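**Q** Those protein sequences? They're chains G and Y, same order as listed.
At the far end of the first sequence sits residue 437, using my numbering, and the numbering has no gaps.
At the far end of the second sequence sits residue 330, using my numbering, and the numbering has no gaps.
Note that the Cβ used here is the ideal one computed from N, Cα and C, for glycine as well.
Computed from a prediction, not measured in an experiment: that's the story for all the values here.
Below are the structure tokens for one structure; questions will follow.
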Amino acid sequence: MANGTNNTMSMSSVLPWIIAAIALVILPFVFTGGGSITIMNQIGITIVLAMSYNMLLGQGGMLSFGHAVYMGLGGFVAVHVMNIVEYQEIWLPLPFLPLVGGLVGLGFATIIGSFSTRKAGTVFAMISLGIGELIAACCIIITVFFGGEEGISGDRTMAPPTFGIEFISQKEVYFLIAFWVLVSTFLMYLFTQTPVGKMANAVRDNPERAEFVGYSMRWVRFVSFCAAGFFAGVAGGLFAINFEILTELNLNLNASFTVLLATYIGGVGFFLGPIVGAILFTLLQTVIGLKTDLWALYTGVVFILTVMFLPAGITGFFAMHLVPWHLGRFGMLLKPYAKIFLPALMFVIGAVGLTELVNHSRHHGDEVLMSLFWVEFNTKSAVPYIVLVLLTAVGFWFSRLFAREVKEAWGDATFVEGQGR
Amino acid sequence: MDLIIINIIDGLIYGLLLFMLSSGLTLIFSMMGVLNLSHAAFYMLGAYFAYQISLVIGFWVGLIVAPVLVTILGALVERYGLRRVHQYGHVPELIFTFGLFFVIEESVQYIWGRNMVPYNSPESLNFIAINLAGGSIPAYKVFMLLVSVAIFVALYYVLARTRIGMIIQAALSYPKTVEALGHNVPLVFMGVFGVGTGLAGLAGVIAGPSLTTFPGMAFLLGSIVFVCVVVGGLGSLTGAFLASLLIGWLQTFAASYNIGAADILIAMGYEYPKDVYYHPWRDLWTLTLPQIGPILPYLLLILVLVFRPYGLFGRRDS
């Protein structure tokens, strides 16, 4: 009996990993379009980085403004190692390079974590900011290691072939990255199951009680920090393999902010959150970034709305719906959701359209024709302005009206007898 | 000697400017326990608002109106943004102010463009006030100095000598008790946040013409201001003041004395390498003080936090 339970337990815990592995193998054959492999590679790297960041922010409650430093340092060393390998001074097949990056990340995290994890909260955030600024500034000064503004570049194809693969095509690199994404995700999952991983949550939520239980807050934070540094370094190694170049841009504060944005939008506190965030953010960056030069503004607005209204991120939004689902009242939500969808869409299209239109008429004023949401129109006439303002206003008014219904329906759907609403 | 005097005055002006930002930041922190990461964004908004007003009406109107606009905006942010996020805890609050910084920076680029805008000091202040052999100090800088000192005195007077100041100080340490006494503490919070950001706005108005008004100005000054607040000790106004001055002088002096590492190494008895650009230690040999000037505050920050995590004047428990 006990044996049987054990078997099903292990089956249900192994199954997601098998599905993920199969999905990773199939993906490049599903999305065969021009840049899709490049984008998937980028997503893979961002996933590892965002998940390592979540070890700090989501699981340990440590807000870092300098996480890209560990990825960048790991990546820089990885490129240097790549160059040493090229001249046959050491024998190292390419798939092991992320491990080098990871060890470098771990090393720096051990040094910096030894003093920065003494306190959580604001002090930790400020130290991470200071370190981030310091290392980014060193990038320009220490040109021997960081290569100044041009950065350091290498050639991955010069490494000894692994089973005859020389990693010349993007697809071969994809499988290398996919392998490391799976391995690191699995290891990071195992970390959450260790006593230290569990205590990290306790230290985040109630440091005093964690201390009373007999764990040192500082030690728990330090271990989480080192582990996060290791996986950030792995991401750096993958970055070095994929792009074959690292510059100051990969470890400055902006790079760190990007990680924070991606992780938070995806959802901190959920294991899958950073994965969702990394996929969504990279797609936003690459797909929308091609369409408009205002993508950073949109990202910022989405980010701040997430912080204000969905503090658990997009994953949290979906996880929230498990409650009415289990109560069997999910159907009650469908009607109000369907009702609010159209006005909300109208509002978003109107607001984005207005922003784009104003931007267009100010910076590309000489081009009369403009295409927006697959519709082409004349920017000199007043018609598009009127249409967009109407869309925004009507959408906003009805959204507000229906939002009340959604709120009421939500209250009913999650209402449990004997508990207050 | 003249150069030293010029540098002392320049550093003082820069330090007092930093204090205008760090004082607001400190007040907000000690009141709400939140380090307002978007503080420098309000500084930038002050400069841009004043620029827009100076185009239409004039500099002096902008000097008064722009900080008021920033104050109102700051109060609105506290009322409708921060107060909502407060329920989720401290880290989300920090993240909110960080996101706000991002949005304001992008919005400024959207409205005023990515390049610097020609926000200039008024004609009436375009003369040289102090002339020394080593350099000169324009009248506008003297004006900046006077405004900063006036703000400093006013802030001290309000906090230490008036009834409102007493309520604020009480609300800092015992918000519950102050509320029980019948004061509207949320309103005090909103007011302090508004005035704090307004001070940052005023700093932007007067710094805009001298430090150039461009979308990167918030980022450039922002992290230095955090350094001041943290080094001085979070929540300590005295600490913020001294740290601001210290960092002002540190940066000014580092920027104007061209001491190279090579001079020191030669004085220590090392020989200057022939082909310095291919030497393994070339970065050390070509290092100069102005080069490392910008990172000195961060070194100071890390050193202080390592040896005194609560800052120079901070309380141990904060």
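(1) Mind checking the stretch 150-161 of chain G against chain Y and listing, in chain order, the residues whose C-beta falls within less than 7 Å of any C-beta there?
(2) Would you say Y69 of chain G and A244 of chain G are within 9 Å of each other, going by their C-beta atoms?
(3) Quick one: Cα of T21 of chain G to Cα of S29 of chain G, how far?
(4) Quick one: give me the first and last residue of the beta strand (DSSP E) that A398 of chain G is part of.
(5) According to DSSP, L310 of chain G sits in a beta bridge with which residue or residues?
(6) How many Å lie between A94 of chain G and T54 of chain G at the Cα?
(7) On the DSSP bridge list, what partners appear for T300 of chain Y?
(8) Please check the pair L37 of chain Y and G208 of chain Y, which I expect to be a contact at CB under 8 Å, by giving their CB distance rounded to whole angstroms.
(9) Determine the chain G residues that contact I304 of chain Y at a beta-carbon separation under 9 Å, and present them in chain order.
(10) Is G146 of chain G near the ligand NAP, with its Cβ less than 8 Å from a heavy atom?
(11) Kindly identify the DSSP beta-bridge partner or partners of E117 of chain Y.
(12) Quick one: Cα of L122 of chain G to Cα of F287 of chain G, how far?
(13) Name, please, each residue of chain Y whose Cβ falls closer than 7 Å to the Cβ of G77 of chain G.
(14) Against S34 of chain Y, what residues of chain G qualify as contacts under a CB-to-CB distance less than 8 Å, listed in chain order?
(15) Against chain G, which members of the stretch 237-258 of chain Y pass a CB distance test of less than 9 Å?
(16) Helix, strand or coil: how does DSSP classify S232 of chain G here?
(17) Taking T225 of chain Y as the reference, give the member of Y:T83, Y:G58, Y:M43 with the closest Cα.
(18) Going by C-alpha to C-alpha distance, which of G:L406, G:K351, G:T331, G:F357 sits closest to G366 of chain G?
(19) Residues of the stretch 103-118 of chain Y with a CB closer than 7 Å to any CB of chain G: list them in chain order, please.
(20) Mapping the DSSP letters down to three states, classify S330 of chain Y as helix, strand or coil.
(21) Which of helix, strand or coil does DSSP assign to A151 of chain Y?
(22) Helix, strand or coil for M32 of chain Y per DSSP?
(23) Could you check the C-alpha separation between G436 of chain G and T430 of chain G for me, to the nearest Å?
(24) What are the uninterrupted segments assigned as alpha helix (DSSP H) that are 4 or more residues long and contained completely in the stretch 252-333 of chain G, given in chain order?
(25) State yes or no: is the C-beta of P340 of chain G within less than 9 Å of the C-beta of M348 of chain G?
(26) With 16 as the cutoff for other CB atoms within 10 Å, does N222 of chain G come out buried or exposed?
(27) Rounded to a whole number of angstroms, what is the C-alpha to C-alpha distance between S35 of chain Y and M229 of chain Y?
(28) Suppose you measure from the CA of W33 of chain G to the CA of F202 of chain G; what does that come to, to the nearest Å?
(29) Among Y:F319, Y:Y60, Y:L257, which has the Cα closest to the Cα of L33 of chain Y?
(30) Identify the residues that DSSP records as bridge partners of V77 of chain Y: which are they?
(31) For L317 of chain Y, which residues in chain G fall below 9 Å Cβ to Cβ?
(32) Thinking C-beta only, is L404 of chain G closer than 9 Å to G369 of chain G?
(33) Per the contact definition of three or more C-beta pairs closer than 8 Å, is the stretch 231-244 of chain Y in contact with the stretch 88-103 of chain Y?
(34) With a 10 Å radius around its C-beta and 16 neighbouring C-beta atoms as the bar for buried, classify Y310 of chain Y as buried or exposed.
(35) For F238 of chain Y, which three-state DSSP category applies?
(36) Got a sec, what are the start and stop residues for the beta strand (DSSP E) A141 of chain Y sits in?
**A** According to the data block:
(1) For the stretch 150-161 of chain G, the set of positions with a beta-carbon nearer than 7 Å to some beta-carbon of chain Y reads L150, A153, I157, I158, T159, V160 in chain order.
(2) Pairing Y69 of chain G with A244 of chain G gives a Cβ-Cβ distance under 9 Å.
(3) Here T21 of chain G scores only 45 on pLDDT, less than 50, and its place in the model should not be relied on; the value that follows carries that caveat. Distance between the alpha carbons of T21 of chain G and S29 of chain G: 12 Å.
(4) Unbroken run through A398 of chain G: none, as it is neither H nor E.
(5) None; L310 of chain G has no bridge partner.
(6) A94 of chain G and T54 of chain G: Cα-Cα distance of roughly 20 Å.
(7) Answer by DSSP bridge pairing, in chain order: Y:G272.
(8) Confirmed, about 7 Å.
(9) Per Cβ cutoff of 9 Å: A153, I157.
(10) In the structure shown, the ligand NAP is absent, as is every other ligand, since no ligand is present at all.
(11) DSSP lists no partner for E117 of chain Y.
(12) C-alpha separation (whole angstroms): 21 Å.
(13) Within chain Y, the residues V103 have their CB atoms less than 7 Å from the CB of G77 of chain G, given in chain order.
(14) Here the premise fails: no neighbours, minimum Cβ distance about 13 Å.
(15) Here the close residues are F238, V239, V241, V242, L246.
(16) It is coil, neither helix nor strand.
(17) When only C-alpha atoms are compared, the closest one is Y:G58.
(18) Closest by alpha carbon: G:L406.
(19) Closer than 7 Å at the C-beta level to chain G, one finds these residues of the stretch 103-118 of chain Y: V103, P104, L106, I107, F108, G111, L112, F114, V115, E118.
(20) Unreliable placement is indicated for S330 of chain Y, whose pLDDT of 44 sits below 50; the coordinate value is still reported in the next sentence. It is coil, neither helix nor strand.
(21) Of the three classes helix, strand and coil, the one that applies to A151 of chain Y here is helix, per DSSP.
(22) DSSP, read as helix, strand or coil, puts M32 of chain Y in helix.
(23) With a pLDDT of 49 at G436 of chain G, under the threshold of 50, the modelled position of this residue cannot be trusted, and the question is left open.
(24) Segments of the alpha helix (DSSP H) lying fully in the stretch 252-333 of chain G: 269-282, 289-299, 311-325.
(25) Cβ distance < 9 Å, so P340 of chain G and M348 of chain G count as in contact.
(26) Result: exposed.
(27) Spanning the two alpha carbons is a distance of roughly 19 Å.
(28) CA-to-CA, the gap between W33 of chain G and F202 of chain G works out to about 8 Å.
(29) For the residues Y:F319, Y:Y60, Y:L257, the minimum Cα distance to L33 of chain Y belongs to Y:L257.
(30) In DSSP, V77 of chain Y forms no bridge with anything.
(31) Within 9 Å Cβ-Cβ: F131, S132, R134, K135, V139, M142, I143, G146.
(32) Their beta carbons are under 9 Å apart, which means G369 of chain G touches L404 of chain G by this criterion.
(33) No, the stretch 88-103 of chain Y does not touch the stretch 231-244 of chain Y.
(34) Burial state of Y310 of chain Y is buried, judged by a 10 Å Cβ sphere holding 16 or more other Cβ atoms.
(35) DSSP places F238 of chain Y in helix when its eight states are reduced to three.
(36) In this chain, the beta strand (DSSP E) harbouring A141 of chain Y covers 140-144.
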